[in-house]
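Visitor: In full-length UniProt numbering, the protein residues as written are 1 to 522. Using N, Cα and C, we set each Cβ at its ideal position, and we do this for glycine too. What follows is a structure written as structure tokens; I'll ask about it next.
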Amino acid sequence: MDDSVNILLRDVCDTNKFFKLSDGKTLALGRNPETQILDTRCSRVQLLLTPNIKDGCVTVEHVGNNPSAINGVKLSRGEKRKLEHDDIVEVLESCYFFKLEFSSETTNRVEQKVDSSKSKEKKTCNGTLEHFLKDSVLPPPGVWKSLYQDCLILFSSDNIQSKSKVAAFDLDGTIITTKSGHVFAKDPGDWKIAYGPVVAKMKELYENDFKIVLFTNQSGIGRGTLRLSDFKKKIESIVRKLSVPVQVFIASKDDIHRKPRPGMWKHFVEHENDNMDINYKESFFCGDAAGRPANCEPNKKKKDFSSADRLFALNVKLKFFTPEEYFLSWKTPTFILPEFCPALLSKDTPLLEPETAELISKSQEIIVMIGCPGSGKTYFSITYLVKNGYVHVNRDTLKTWQKCVALAEKSIQENKSIVVDNTSPDKEARARYTGLAKRFNIPCRAFWMNTTLEHAKHNNTFRQLKNDDAHEFIPNHSLNSFFKILEPPTLDEGFKEIVRVNFIPDFKNDADKKLYSMYLLE
Numbered sequence: 001m002d003d004s005v006n007i008l009l010r011d012v013c014d015t016n017k018f019f020k021l022s023d024g025k026t027l028a029l030g031r032n033p034e035t036q037i038l039d040t041r042c043s044r045v046q047l048l049l050t051p052n053i054k055d056g057c058v059t060v061e062h063v064g065n066n067p068s069a070i071n072g073v074k075l076s077r078g079e080k081r082k083l084e085h086d087d088i089v090e091v092l093e094s095c096y097f098f099k100l101e102f103s104s105e106t107t108n109r110v111e112q113k114v115d116s117s118k119s120k121e122k123k124t125c126n127g128t129l130e131h132f133l134k135d136s137v138l139p140p141p142g143v144w145k146s147l148y149q150d151c152l153i154l155f156s157s158d159n160i161q162s163k164s165k166v167a168a169f170d171l172d173g174t175i176i177t178t179k180s181g182h183v184f185a186k187d188p189g190d191w192k193i194a195y196g197p198v199v200a201k202m203k204e205l206y207e208n209d210f211k212i213v214l215f216t217n218q219s220g221i222g223r224g225t226l227r228l229s230d231f232k233k234k235i236e237s238i239v240r241k242l243s244v245p246v247q248v249f250i251a252s253k254d255d256i257h258r259k260p261r262p263g264m265w266k267h268f269v270e271h272e273n274d275n276m277d278i279n280y281k282e283s284f285f286c287g288d289a290a291g292r293p294a295n296c297e298p299n300k301k302k303k304d305f306s307s308a309d310r311l312f313a314l315n316v317k318l319k320f321f322t323p324e325e326y327f328l329s330w331k332t333p334t335f336i337l338p339e340f341c342p343a344l345l346s347k348d349t350p351l352l353e354p355e356t357a358e359l360i361s362k363s364q365e366i367i368v369m370i371g372c373p374g375s376g377k378t379y380f381s382i383t384y385l386v387k388n389g390y391v392h393v394n395r396d397t398l399k400t401w402q403k404c405v406a407l408a409e410k411s412i413q414e415n416k417s418i419v420v421d422n423t424s425p426d427k428e429a430r431a432r433y434t435g436l437a438k439r440f441n442i443p444c445r446a447f448w449m450n451t452t453l454e455h456a457k458h459n460n461t462f463r464q465l466k467n468d469d470a471h472e473f474i475p476n477h478s479l480n481s482f483f484k485i486l487e488p489p490t491l492d493e494g495f496k497e498i499v500r501v502n503f504i505p506d507f508k509n510d511a512d513k514k515l516y517s518m519y520l521l522e
């Protein structure tokens, strides 16, 4: 073979990016800045590729921890294969596609060989890559931009126009589904139109003067498990298939833009529609995450994985349809909304139950707060008790329960009342303070936060969205564990009274109040 031949390994989703292979020199392919692969499933050295120009091939050896694939056929650790022109290398099985290209005389020779063997097909788990590969190299039909440090990614068709009527859709499970039948796409080409009437409906909406907008959560981009360049090509292919101007909003992280939170809609209304007043009577949102229980519709055995799409529509005040309602004209299905509705919280709710309970005692006492993280214990303690002279005993501040007990004892000896602002989920934790009260012959009351698990998760998420540095983000497992080990307080423990405390929110401004009243959890 001619020594002048060039061997390139080209990124399928970014054809301007390629690696040039030199005869006899091994190229290490894996998770590194050159490939831009961030996926931790991919080893730093996943594959070793060694060209042999004389034989007209490249030897690939798999050395990573997780499988790769060649032309859709799995390649396991220690395996070697010979690669030829046009072979597809999947750095991880079904992910991160590269195409091997021989130039010069080699190309002609290999193309003739391929033709004579009836063009062997590159197969993936769900069919062929050929359509995707062909589509992915076409010029993009619009413009991309990244906003808010890549938390929101936006695609706009070249000829998109602002409209007062908005037809908004979710993407996965609504406009498209997987060809493979898997829940998650196995590769960028693993998609098909979800319902037969989709394309015709899009054309009808466009002709009826609607702006078509897609809002999709894609946290894999933020986590590094879904390559943005792959997803961009996928979106462009989908837009071509829909054959109408489309605007696509992609939430890549768990922030204000992720549905059901209103960030994507807010940005659309304020910045991407020329400040046109939205016709809410005609506009709508359609999505498959609708809170439907199992067996609520024909052929729907499983319950919906979440309610995010329905809650998103409620948050931004859009009419809502499931895909089956909109595309197939099915009747409105049964659905279940979350038990906790933040909009129903009221300042008219009594702070304490029973309402006859005394907030501030006229005599010295110990108050033991009981409640999960995020239930509002600290806000209540500081706002209502510490400001009235109670000493604040808090493990987050003091770090150990021994220091908490020491401060409590010292304060009692100084004739001060104290509030113990800890979670205190069980009798053992509370006994330290009921025992102290008994020893010093002063009353001890339990103030038990009337905050549910979902309410606490909502509070926690609200703080996260507001970048509240005063409160550390609490993982859900910490909240769940509180309710698993909770022993409801009883008078037998030594409490004079058990008082339920309702969470009554207070806001710095109307914007915070509006956000808090929305559904923030999926």
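1) What residues in its chain sit with their C-beta under 7 angstroms from that of residue 526, if we drop five residues either side in the sequence?
2) Using a Cβ distance threshold of 8 angstroms, determine whether the segment 421 to 428 contacts the segment 366 to 380, with at least three qualifying pairs required.
3) Near Lys203, what residues of its chain come up, given a Cβ to Cβ distance below 8 angstroms and the 5 sequence neighbours on each side ignored?
4) Grab me the residues of Leu486's own chain with a C-beta within less than 6 angstroms of its C-beta, minus the 5 sequence neighbours each way, in chain order.
5) Look at the Cβ atom of Asp209, then the Cβ atom of Phe285, and state whether they are nearer than 9 angstroms.
6) Let me check you understand the geometry: is the CB of Leu214 closer than 8 angstroms to at least one non-hydrogen atom of the ligand MN?
7) Which runs of the alpha helix (DSSP H) at least 4 residues long sit entirely within the UniProt domain "PNK FHA" (15 to 76)? Give them in chain order.
8) Is it buried or exposed, Gly196, if we count other Cβ atoms within 10 angstroms and call 16 or more buried?
9) In angstroms, rounded to a whole number, what distance separates the CA positions of Ala294 and Ile175?
10) Determine the closest residue to residue 523 out of Ala429, Phe440, Asp396 and Asp348, with distance taken between C-alpha atoms.
11) Count the other CB atoms, across all protein chains shown, that sit within 10 Å of the CB of Ile360; report buried if there are 16 or more and exposed otherwise.
12) Is Asp510 buried or exposed, if buried means 16 or more other CB atoms sit within 10 Å of its CB?
13) On the three-state DSSP scale, how would you describe Leu491?
14) Following the continuous beta strand (DSSP E) through Glu93, name the residue where it begins and the one where it ends.
15) Does DSSP put Val501 in a helix, a strand or coil?
16) Looking at the structure shown, is Asp172 part of a helix, part of a strand, or coil, going by DSSP?
17) Can you check DSSP and say which residues form a bridge with Ala511?
18) Applying the 10 Å Cβ sphere with the 16-neighbour rule, what's the burial state of Asn315?
19) In the DSSP output, which residue or residues are listed as bridge partners for Gly142?
20) Helix, strand or coil, according to DSSP, for Phe215 in the structure here?
21) Would you list the residues sitting across from Arg10 in a DSSP beta bridge?
22) Which whole-angstrom value is the C-beta distance of Leu21 and Leu49, which I expect to be below 8 angstroms?
23) Could you check the C-alpha separation between Asn6 and Lys25 for me, to the nearest Å?
24) Quick one: what's got a C-beta closer than 6 angstroms to Leu515's C-beta in the same chain, skipping five residues either side?
25) Evaluate the contact criterion for the segment 315 to 328 versus the segment 346 to 364: three or more CB pairs, one atom per stretch, below 8 angstroms.
26) Can you tell me whether Val499 is buried or exposed? The criterion is at least 16 other CB atoms within 10 Å of its CB, across all chains shown.
27) Using only the alpha-carbon positions, how far apart do Leu27 and Lys232 sit?
28) DSSP three-state label for Arg395, please.
29) Report the residue ranges of all beta strand (DSSP E) runs contained in full by the segment 255 to 290; include only those spanning at least 3 residues, in chain order.
30) Ignoring anything shorter than 3 residues or poking outside the segment 413 to 501, list the beta strand (DSSP E) runs there in chain order.
31) Can you tell me whether Leu337 is helix, strand or coil according to DSSP?
32) Give the straight-line distance between the Cα atoms of Thr490 and Ala290, rounded to the nearest whole angstrom.
33) Return helix, strand or coil for Thr107, following the three-state DSSP convention.
34) Tell me which residues share the same chain as Gly222 and place their Cβ nearer than 7 angstroms to its Cβ, disregarding the 5 neighbours each side in the sequence.
35) Per DSSP, which one or two residues make a beta bridge with Ala251?
36) Classify Asp158: buried if its beta carbon has 16 or more other beta carbons within 10 angstroms, exposed otherwise.
Guide: Looking at the coordinates:
1) No statement about residue 526 is possible, as the shown extent of the chain runs from 1 to 522 and does not include it.
2) Output reads yes: the segment 366 to 380 touches the segment 421 to 428.
3) Cβ within range, chain order: Ser243 and Val244.
4) Around Leu486: Pro425.
5) Taking 9 angstroms as the Cβ cut-off, Asp209 and Phe285 do not qualify as a contacting pair.
6) Annotation note on the ligand MN: not contained in the displayed structure, which lists no ligands.
7) Whole alpha helix (DSSP H) segments, 4+ residues: zero.
8) The residue in question, Gly196, is exposed, as its Cβ has fewer than 16 Cβ neighbours within 10 Å.
9) When rounded, the distance between both Cα atoms is 22 angstroms.
10) The structure shown does not extend to residue 523, since the chain is modelled only from 1 through 522, so no value can be given for it.
11) Here Ile360 is exposed, its C-beta having fewer than 16 other C-beta atoms within 10 Å.
12) Counting Cβ neighbours within 10 Å, Asp510 comes out exposed, since fewer than 16 surround it.
13) Residue state, collapsed to three classes: helix.
14) No beta strand (DSSP E) contains Glu93, which DSSP labels as neither H nor E.
15) Val501 falls in the strand class under three-state DSSP.
16) Note: Asp172 maps to strand in three-state DSSP.
17) Paired residue(s): none; Ala511 is not in a bridge.
18) The residue in question, Asn315, is buried, as its Cβ has 16 or more Cβ neighbours within 10 Å.
19) DSSP output for Gly142 lists Ser157 as bridge partner(s).
20) Here Phe215 sits in strand by DSSP.
21) Paired residues: Phe18 and Lys99.
22) That pair is a contact at about 6 angstroms.
23) If I take the Cα positions, the gap works out to 13 angstroms.
24) Leaving aside the five residues that flank Leu515 on each side, none in its chain has a CB nearer than 6 angstroms to its CB.
25) The segment 346 to 364 and the segment 315 to 328 do not touch, with fewer than three beta-carbon pairs separated by less than 8 angstroms.
26) With at least 16 other beta carbons inside 10 angstroms of its own, Val499 counts as buried.
27) A straight-line Cα-Cα distance of about 27 angstroms links Leu27 and Lys232.
28) The answer is helix: DSSP assigns Arg395 an H, G or I state.
29) Counting only runs of 3 or more, we get 284 to 286.
30) 418 to 420, 444 to 449 and 497 to 501, all fully within the segment 413 to 501.
31) If DSSP states are grouped into helix, strand and coil, Leu337 belongs with coil.
32) Cα to Cα, Thr490 sits roughly 41 angstroms from Ala290.
33) A caution first: Thr107 carries a pLDDT of 40, below 50, which makes its placement in the model unreliable, though a value can still be read off. In the structure shown, Thr107 sits in a helix (DSSP, three-state: H, G or I).
34) Cβ neighbours of Gly222 within its own chain (closer than 7 angstroms, five residues either side excluded): Ser252 and Lys253.
35) In the DSSP assignment, Ala251 is bridged to Leu152 and Asn217.
36) Answer is exposed; the Cβ neighbour count stays below 16.
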